[in-house]
Amino acid sequence: MKKVFAMQVFFVIAVFAIVIGATFPSRYQSIEYQKNNRYDDQVKNQLELAQLRYDKVLGDPDHKMSDVWQARDTLVDCLWESQRFDEAMKLMTQQMAETWPLKHNEYNHAWAETSRKLGDLHRDAFQIEAAIVVYQSVLDHDKQYLKADDPIIARDLNNLAMALYMKGSGFEEKDKRYQEFAKAESYLKQGLDIIKKNNIEKSTKASSIYWNLYLVVRDQEKIQEAENYRTIAQAIDKSMNRVCREP
Numbered sequence: 005m006k007k008v009f010a011m012q013v014f015f016v017i018a019v020f021a022i023v024i025g026a027t028f029p030s031r032y033q034s035i036e037y038q039k040n041n042r043y044d045d046q047v048k049n050q051l052e053l054a055q056l057r058y059d060k061v062l063g064d065p066d067h068k069m070s071d072v073w074q075a076r077d078t079l080v081d082c083l084w085e086s087q088r089f090d091e092a093m094k095l096m097t098q099q100m101a102e103t104w105p106l107k108h109n110e111y112n113h114a115w116a117e118t119s120r121k122l123g124d125l126h127r128d129a130f131q132i133e134a135a136i137v138v139y140q141s142v143l144d145h146d147k148q149y150l151k152a153d154d155p156i157i158a159r160d161l162n163n164l165a166m167a168l169y170m171k172g173s174g175f176e177e178k179d180k181r182y183q184e185f186a187k188a189e190s191y192l193k194q195g196l197d198i199i200k201k202n203n204i205e206k207s208t209k210a211s212s213i214y215w216n217l218y219l220v221v222r223d224q225e226k227i228q229e230a231e232n233y234r235t236i237a238q239a240i241d242k243s244m245n246r247v248c249r250e251p
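Per my numbering, residue 5 is the first one in the sequence shown, and the count goes up by one each step.
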């Protein structure tokens, strides 16, 4: 009797395990689907709120341009998150025109930041040539009005380098790829020199450049040099308790 009962229990457990095993993937997919839907809804709601705030600021006859730019930046971030790149780029292009007259013959921070953001949008929309043009204009402006070893210039060099790396990655011909990779490597090393001059070699800025050098050098098949850069980048990330993830 006990043996029969034990066999029945075992049979029930086995069936239960089979049912759970069979339904778990679909349940997992359902949970992930719900998460994605909630995220999409959240992004949509944030975009709607940002649009309302922006329209409200514009509708105020006494609005300040600084308030308009702040509201527009938030709206652009939401459009960016929604991958509505054309709308976001149109707004940033408008803001470039508005911020350019703010300063004459001196550093124009508002214009430079707006332009950099436009470059990032072009990059993420895979409009690489446009991104290169914008990043280059920001670099030229910053070089003209900032100190030669200002960390902002290192950031500009990093941005331009990775746009060139992306451009190079799009070529099938090895010589064309390597030509763009070599340009990118040169800019990254210039940026690294600035980082070293400012004694911020253990910063996130430094880590970013080292990781990007790893990519650019690796794809030129300079294996040992690439490994050296990766080791340095990992050590910096570890020192800041950052999770080391190879790009």
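Glycine included, each C-beta is placed from N, C-alpha and C at the ideal position.
Q) Apart from the five residues just before and just after GLU189, which ones in its own chain have a Cβ nearer than 6 Å to its Cβ? A) VAL220
Q. What's the gap between the Cα of LEU161 and the Cα of GLN183?
A. 17 Å
Q | Whole-angstrom distance between ALA75 and MET170, CA atom to CA atom | A | 31 Å
Q | Alpha-carbon to alpha-carbon, GLY195 and ALA210 | A | 9 Å
Q | For SER212 and ASP64, the rounded distance between their alpha carbons | A | 42 Å
Q. Is it right to say ARG234 is buried, meaning 16 or more other beta carbons lie within 10 angstroms of its own, or is it exposed?
A. buried
Q) Should VAL247 be labelled buried (16 or more other beta-carbon atoms within 10 Å of its own) or exposed? A) exposed
**Q.** Cβ distance (whole Å) where ASN202 is taken to contact PRO155 below 8 Å
**A.** 6 Å
Q. Since GLN74 is in the alpha helix (DSSP H), which residue starts that stretch and which ends it?
A. 69-85
**Q.** Outcome for ASP59 when other beta-carbon atoms lying within 10 angstroms are tallied against a minimum of 16
**A.** exposed
(Q) As a quick exercise: from GLY123, LYS180, VAL61, pick the residue whose alpha carbon is nearest that of LYS94. (A) GLY123
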